[in-house]
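Reading through the structure tokens given below for one structure.
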Amino acid sequence: MLKLAVLASGSGSNLSALIDAEKNGIITDGTISLVVSNKKDAYALVRAKNAGIPALYIKRSEFSSDEEYDSHIVSRLKEYEIDVVLLAGYLRIITSPLLTEYENRILNIHPGLLPEFGGIGMYGLKVHESVINAGVSTSGCTIHLVTKDVDMGPVLAQKHVPVIDGDTPDDLAHRVLKEEHVLYPKTVQEFVSKIKK
Ligand code: GRF
């Protein structure tokens with residue numbers, strides 16, 4: 000059984016979907032063993048505690064650089080013997096100490112169809128606003144491996160979602176998020192089943 004850590008900065012609805020998937024037997028080869036947030040008030044931390052999962056708030060300003068911050072995160076991940084890291088609404092760019100230690104073992108979910116509508120600054124509603132402004136008829140979500148190039152790592156799975164005339168960014172976000180909650184657990188299981196110890 001692989002130990003999974005979820006890194007989240009916000010509401011953590013994807014974290015909840017992952018927790019539920021473990022309970023419901025969709026994720027069978029991994030167990031969520033730690034949740035880390037860079038935001039003290041992230042609701043993801045509350046969700047973790049409610050599920051009995053260790054939850055750490057790690058404050059960026061206590062470290063002198065992003066690299067030192069990520070080195071500290073690595074040491075905490077090691078303490079909990081984490082095998083795979085899942086980013087779920089984690090609004091920080093991952094730097095080399097974490098990328099090196101967990102090479103090809105960090106997954107991210109993006110609320111758009113990469114390689115379009117990704118990269119630095121493309122997160123949350125900004126993605127959906129750009130999709131609507133571009134006038135495309137399809138959006139979706141992407142699960143990918145995290146590499147040093149933001150949102151450019153190998154794609155593991157995608158799900159397409161229609162963009163409907165008159166959609167607001169919130170409407171589209173809602174439609175995409177529902178699919179994220181299905182796609183992320185399914186993809187995590189596929190991934191961990193291939194590398195399980
Ligand atoms: C999701 O749309 C995810 O794709 C993006 O950030 C959002 C996080 O939502 N990376 P939540 O915190 O899981 O509810």
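Each residue of the sequence shown is one higher than the one before, counting from 0 in numbering that gives the first Met the number 0. Even glycine gets a Cβ: it sits at the ideal position worked out from N, Cα and C.
Q | Beta-carbon proximity check, residue 141 vs residue 111, cutoff 8 Å | A | yes
**Q.** Beta-carbon gap between residue 107 and residue 143 smaller than 8 Å
**A.** yes
Q. Distance, Cα to Cα, residue 157 vs residue 67?
A. 33 Å
**Q.** Identity of the residue in 187, 193, 61 nearest residue 21 by Cα
**A.** The shortest CA-to-CA distance from residue 21 to any of 187, 193, 61 is the one to 187.
Q | Residue burial classification, residue 198 (beta-carbon count within 10 angstroms, cutoff 16) | A | Because the chain in this structure spans residues 0 to 196, residue 198 falls outside the shown range and cannot be described.
Q) Would the stretch 13 to 31 and the stretch 57 to 71 be scored as touching if the rule is three or more Cβ pairs under 8 Å? A) The stretch 13 to 31 makes no contact with the stretch 57 to 71: fewer than 3 CB pairs, one atom from each, lie closer than 8 Å.
(Q) Beta-carbon within less than 7 Å of residue 56's beta-carbon, same chain only, minus the 5 sequence neighbours each way: which residues are those? (A) 36, 39, 44
Q) Since residue 107 is in the beta strand (DSSP E), which residue starts that stretch and which ends it? A) 105 to 109
Q: Ignoring anything shorter than 3 residues or poking outside the stretch 122 to 147, list the beta strand (DSSP E) runs there in chain order.
A: 137 to 144
Q) Can at least three beta-carbon pairs, one atom from the stretch 8 to 17 and one from the stretch 171 to 188, be found at a separation below 8 Å? A) A contact between stretches requires three or more CB pairs, one per stretch, nearer than 8 Å, and the stretch 8 to 17 meets this requirement with the stretch 171 to 188.
Q) What is the DSSP secondary structure of residue 168, reduced to helix, strand or coil? A) helix
Q.
With H, G and I counted as helix, E and B as strand and the rest as coil, what does DSSP make of residue 73?
A. helix
Q: Taking only the alpha-carbon atoms, compute the straight-line gap between residue 153 and residue 145 and give it to the nearest angstrom.
A: Going by the C-alpha atoms only, they are around 8 Å apart.
Q: If I'm right that residue 10 touches residue 88 with Cβ under 8 Å, what's the distance once you round it to whole angstroms?
A: 7 Å
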